[in-house]
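These notes are about the structure you will find just below.
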Amino acid sequence: MKDELIKKIFPNVKDYTFYEEKYPERELGEGKIVTRFAPSPTGFVHMGSLFSAFVASKAAHDTNGVFFLRIEDTDQKREVENGIENIVRDLNNFDIKIDEGVLSSTEEIGSYGPYIQSKRKEIYESYVARLLKEGLAYPCFLTEEEINTIREEQERNKEEIGIYGKYAKYRDLTDEEILNKINNGEKYVLRLKSPGNINNKVKIKDLIKGELEFPENNLDIVLIKSDGLPTYHFAHAIDDHLMHTTHIIRGDEWLSSLPIHIQLFQVLKFKLPKYAHISPIMIMDGDSKRKLSKRKDKEAAISYYHELGVDKDVIKLYLLTIANSNFEEWYLANPREDINKFKFDFKKVSPSGSLFDMEKLLNISKNYMSYLNKDLFYEKLLEYTKEYDKELYGLIVKYKERTIDFINIERERKKPRKDYSSFSEVRNNIWYMFDELFIKEDKEYVFPIDISKEDVNELLTKYLDNYYNEDDSEEEWFNKMKELAQEFGYATDMKDYKENSNKYKGSIADVSNIIRVVITTKNTTPNLYNIMKILGREELYKRLVIFNN
RNA sequence: GACCCGUUGGUGAAGUGGUUUAACACGCUGCCCUCUCAAGGCAGUAUUCAUGGGUUCGAAACCCAUACGGGCCA
Numbered sequence: 163m164k165d166e167l168i169k170k171i172f173p174n175v176k177d178y179t180f181y182e183e184k185y186p187e188r189e190l191g192e193g194k195i196v197t198r199f200a201p202s203p204t205g206f207v208h209m210g211s212l213f214s215a216f217v218a219s220k221a222a223h224d225t226n227g228v229f230f231l232r233i234e235d236t237d238q239k240r241e242v243e244n245g246i247e248n249i250v251r252d253l254n255n256f257d258i259k260i261d262e263g264v265l266s267s268t269e270e271i272g273s274y275g276p277y278i279q280s281k282r283k284e285i286y287e288s289y290v291a292r293l294l295k296e297g298l299a300y301p302c303f304l305t306e307e308e309i310n311t312i313r314e315e316q317e318r319n320k321e322e323i324g325i326y327g328k329y330a331k332y333r334d335l336t337d338e339e340i341l342n343k344i345n346n347g348e349k350y351v352l353r354l355k356s357p358g359n360i361n362n363k364v365k366i367k368d369l370i371k372g373e374l375e376f377p378e379n380n381l382d383i384v385l386i387k388s389d390g391l392p393t394y395h396f397a398h399a400i401d402d403h404l405m406h407t408t409h410i411i412r413g414d415e416w417l418s419s420l421p422i423h424i425q426l427f428q429v430l431k432f433k434l435p436k437y438a439h440i441s442p443i444m445i446m447d448g449d450s451k452r453k454l455s456k457r458k459d460k461e462a463a464i465s466y467y468h469e470l471g472v473d474k475d476v477i478k479l480y481l482l483t484i485a486n487s488n489f490e491e492w493y494l495a496n497p498r499e500d501i502n503k504f505k506f507d508f509k510k511v512s513p514s515g516s517l518f519d520m521e522k523l524l525n526i527s528k529n530y531m532s533y534l535n536k537d538l539f540y541e542k543l544l545e546y547t548k549e550y551d552k553e554l555y556g557l558i559v560k561y562k563e564r565t566i567d568f569i570n571i572e573r574e575r576k577k578p579r580k581d582y583s584s585f586s587e588v589r590n591n592i593w594y595m596f597d598e599l600f601i602k603e604d605k606e607y608v609f610p611i612d613i614s615k616e617d618v619n620e621l622l623t624k625y626l627d628n629y630y631n632e633d634d635s636e637e638e639w640f641n642k643m644k645e646l647a648q649e650f651g652y653a654t655d656m657k658d659y660k661e662n663s664n665k666y667k668g669s670i671a672d673v674s675n676i677i678r679v680v681i682t683t684k685n686t687t688p689n690l691y692n693i694m695k696i697l698g699r700e701e702l703y704k705r706l707v708i709f710n711n
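Going from the first sequence to this note's numbering is simple: count from 1 and add 162.
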């Protein structure tokens with residue numbers, strides 16, 4: 163195509179070499195990876211997109227490379243208000259550092275911008291102008307109805323669907339014919355004049371999927387739509403070339419358009435980046451699996467975990483577990499190590515999609531919570547209750563020391579207790595430590611053996627009056643418990659009790675559980691010795707009084 | 001319907017031709033320890049790697065076909 167006609171189509175178009183010079187090769191050094199996360203601004207980040215963003219940022223940061231955020235807003239129908247801000251916020255919440263790119267709808271950092279596609283219109287024009295000049299692109303005047311008719315015909319004849327061969331009616335128009343049509347005001351798109359042949363094979367090595375083979379692309383795909391904005395395919399080639407992305411990490415729904423992308427890079431004489439296509443996270447829907455869906459699955463929303471009280475670090479651990487099959491083993495060997503020390507490896511990514519497993523996630527959370535030190539646990543509990551349980555929040559602020567002491571029962575040791583898999587579970591285990599709640603809650607005392615209220619009262623009174631001493635060590639405490647058991651005709655040795663249960667009213671286990679129930683109303687709690695000590699003598703008497711009423 | 005990817009226990013998976021009568025982790029079951037729970041210890045949980053055929057002295061691993069699942073273009 164002649165320059166005059168190109169000028170007619172794009173009056174102020176710059177030569178593409180302008181941009182080649184403006185965005186020079188990055189000087190990062192050997193082995194540094196440049197990746198990007200390129201979402202549409204259609205709302206919040208969900209588990210699936212978080213997964214690819216997380217993997218991409220990890221891959222880049224492991225090599226001290228660059229991870230940037232680009233916004234793909236060329237499909238303006240789908241946009242949502244504050245879309246960009248929400249994405250940036252969600253990434254920040256997950257400590258995914260944006261080295262470069264969009265920070266909000268008005269700010270960005272980095273020297274390869276703009277990073278919002280709608281602001282890059284003239285860049286795309288320069289490159290499509292080059293293709294027009296080289297005869298590798300052309301204006302196509304097919305109307306929507308015509309395209310539909312073509313598709314119907316192709317479906318009838320069981321032919322490949324799309325614009326190619328004889329269906330590419332405007333492929334070989336002369337400049338003059340084109341000019342006439344444009345002057346007539348006919349609407350058009352700009353299409354690739356595909357040099358491909360469907361009978362040829364194109365091979366590519368994907369970092370996750372391995373060796374792949376596709377038929378070559380032969381479709382004259384649209385490069386620039388009639389609204390002047392580029393298609394995903396074209397923008398991807400231009401942007402990732404100019405931004406010098408080294409690794410395209412994205413969902414495997416893009417796999418089938420890979421031949422198009424390869425061809426675009428060839429036609430534009432760009433160096434092809436490396437590709438890594440991640441399989442989607444799946445979920446069971448009845449008997450069959452499907453992709454985890456932002457719309458259908460509550461587990462897909464990050465806010466779901468926030469409400470549950472599952473820490474964001476747990477989500478990261480989970481995502482790494484499904485991303486790299488050797489991570490779990492590494493983490494098991496280094497349970498309290500900073501996960502940034504684990505190096506992501508493309509070779510260890512499963513080519514098939516993993517099923518989302520809530521149980522596994524909660525188990526990771528349980529371990530994580532058990533490894534938190536008492537102060538950090540307390541802080542995170544404050545944060546959680548402040549938002550989701552104001553009443554408990556007030557109490558743990560008021561009784562800070564008591565709360566921390568309780569949290570710390572059997573915590574500071576090599577293999578800590580694992581009581582909670584989310585912060586929302588804490589209330590159910592701690593409420594009885596606070597007078598306000600203990601008095602208020604409906605209480606039902608269920609004892610391990612058949613025993614009258616009077617006998618319980620006698621047992622407790624005797625225990626508190628004659629045996630219990632706040633300063634006792636755990637061993638002394640337990641010995642006294644045994645003495646009490648003996649005095650009331652309970653077995654002090656569990657083995658003995660198992661063999662001769664008919665000689666006793668019950669066992670020492672029953673005695674301590676009777677005490678446990680009066681004090682807490684629960685028949686399972688953390689170590690009773692610690693609980694009594696934390697509550698204090700006076701409080702213990704009070705609970706006996708409450709029981710008797 | 002065309003094309004592409006995948007298929008190892010309930011789940012995540014290790015595994016790239018012989019040390020695999022399939023690692024590890026979650027879950028589940030049982031036992032032990034034990035004042036309850038949690039934790040911990042021990043054991044069990046795939047007669048076999050979707051199915052059929054082939055290559056090979058030897059296959060979960062390589063090849064072909066079929067089935068199923070997923071994706072994508074519509």
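C-beta atoms are modelled at their ideal positions from N, C-alpha and C, and glycine is treated no differently.
Host alpha helix (DSSP H) of residue i (start-end)
i      : result
His398 : 394 to 404
Thr311 : 306 to 318
Thr215 : In the sequence as displayed, the identity of residue 215 is Ala instead of Thr. Element bounds for Ala215: 209 to 224.
Asp567 : 562 to 569
Glu166 : 165 to 171
Endpoints, the beta strand (DSSP E) within which residue i is located
i      : result
Ile440 : 436 to 440
Asp447 : 444 to 447
Ile195 : Taken as a continuous stretch (DSSP letters only), Ile195 belongs to no beta strand (DSSP E), as it is neither H nor E.
Ala299 : 299 to 302
Gly245 : No beta strand (DSSP E) holds Gly245; the alpha helix (DSSP H) holding it covers 245 to 255.
Arg705 : From DSSP, Arg705 is part of no beta strand (DSSP E) but of the alpha helix (DSSP H) over 699 to 710.
Leu352 : 351 to 354
Burial state of residue i (16 or more Cβ within 10 Å)
i      : result
Met209 : buried
Glu189 : exposed
Met656 : exposed
Lys349 : exposed
Ser211 : buried
Asp401 : buried
Met643 : buried
Ser266 : exposed
Thr197 : buried
Arg573 : buried
Ser202 : buried
Ile601 : exposed
Arg699 : exposed
Leu538 : exposed
Arg412 : buried
Pair within 7 Å by beta-carbon distance, residue i and residue j
i      : j      : result
Lys436 : His409 : yes
Val429 : Val384 : no
Lys176 : Phe506 : no
Leu622 : Val680 : yes
Ser441 : Asp414 : yes
Ser288 : Tyr178 : yes
Tyr274 : Tyr185 : yes
Ala222 : Phe199 : no
Lys262 : Ile271 : Checking the sequence, you will find Glu at residue 262 rather than Lys. The answer is yes: Cβ separation under 7 Å.
C-alpha gap between residue i and residue j, whole angstroms
i      : j      : result
Leu298 : Lys281 : 25 Å
Asn664 : Asn675 : 19 Å
Phe180 : Asp473 : 47 Å
Lys140 : Lys331 : Any answer about residue 140 is impossible in this case: the structure gives the chain only from 163 up to 711.
Phe489 : Tyr533 : 18 Å
Ala462 : Leu479 : 16 Å
Glu491 : Ile464 : 26 Å
Asn662 : Thr686 : 25 Å
Asn310 : Pro276 : 36 Å
Ile670 : Ala647 : 6 Å
Asp475 : Asp224 : 18 Å
Asn359 : Gln425 : 11 Å
Met354 : Asp165 : Per the sequence shown, the amino acid found at residue 354 is Leu instead of Met. When rounded, the distance between both Cα atoms is 18 Å.
Glu598 : Lys552 : 14 Å
Glu183 : Leu420 : 27 Å
Ile323 : Ser356 : 15 Å
With three or more beta-carbon pairs closer than 8 Å as the criterion, would you say the stretch 517 to 525 touches the stretch 563 to 577?
Cβ pair count under 8 Å is below three, so no.
At least three beta-carbon pairs within less than 8 Å, the stretch 380 to 396 to the stretch 223 to 237
At 8 Å Cβ cutoff, the stretches touch.
Do three or more CB pairs link the stretch 620 to 631 to the stretch 571 to 590 at distances below 8 Å?
Segment contact: the stretch 620 to 631 against the stretch 571 to 590, fewer than three CB-CB distances shorter than 8 Å; contact not assigned.
Do the stretch 496 to 511 and the stretch 609 to 618 meet, that is, are 3 or more Cβ pairs less than 8 Å apart?
The stretch 496 to 511 is not in contact with the stretch 609 to 618.
Taking three-plus beta-carbon pairs below 8 Å as touching, is the stretch 332 to 343 in contact with the stretch 362 to 381?
The stretch 332 to 343 vs the stretch 362 to 381: no contact.
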